[in-house]
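Below you'll find the structure, written out as structure tokens, and then a few comments.
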Amino acid sequence: MGAAHREAFEAIDFAALTLDDLLDRIVDPIVGFNIANPGFKALFARPDMPDGLSDAARPIQAALLGRIETMIGARAPGLPEGERQRTARVCAQIFQAMVVLVVAAEGDERQAMTGELKKALRGYLAPVIG
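Under the working numbering, think of the first position of the sequence shown as 300, with each following residue one higher.
Here is the structure:
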């Protein structure tokens, strides 16, 4: 997962990319990781996880949210911190909800569902970070 996040979030000038290019750079490696590791999603996003597993997942979730917040801050530096954090949480939830559908799909449908995930994120993010 660390490698997918580094590919998605490191060495990127968030402000220089179009929103579509940014979503391609972020979504594709993380979707690829989830496809290659289907059990990770079930473990990582379960709301009923036992405390020990929940505690172990918390730093991963915090790191992901931090990276999303950094991206949002780079594209919308005037956005208040609370709004930036809230936007990051909503993006993460959209991704978590949609990645289940992406992983479950096969062939052309998987590609189409990845497009739908990006469409949902674009629709949510465009008014905030355009």
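The C-beta atom is built at its ideal place from N, Cα and C for all residues, glycine as well.
For clarity, every value in this text was computed on a predicted model and none was experimentally measured.
Beta carbon of alanine 419 nearer than 8 Å to that of methionine 397: Judged by beta-carbon spacing, methionine 397 lies within the 8 Å limit of alanine 419, meaning their Cβ atoms are closer than that value.
Thinking isoleucine 359 and alanine 387 are a contact (beta carbons under 8 Å), I'd like their distance in whole angstroms, please. Beta-carbon to beta-carbon, isoleucine 359 and alanine 387 are separated by about 14 Å, too far to satisfy the 8 Å threshold.
Skipping 5 residues on each side, what residues in its chain have a beta carbon closer than 7 Å to that of proline 376? So no residue of the chain qualifies.
Reference alanine 361; option with closest CA among Asp350, Ala373, Gly338 and Ala391: Per the Cα distances, Ala391.
Which residues mark the beginning and the end of the alpha helix (DSSP H) in which glutamate 405 is found? Annotation for glutamate 405: no alpha helix (DSSP H) segment contains it, and DSSP assigns it neither H nor E.
Minimum C-alpha distance to alanine 403 - residue among Asp354, Ile334 and Leu378: For the residues Asp354, Ile334 and Leu378, the minimum Cα distance to alanine 403 belongs to Ile334.
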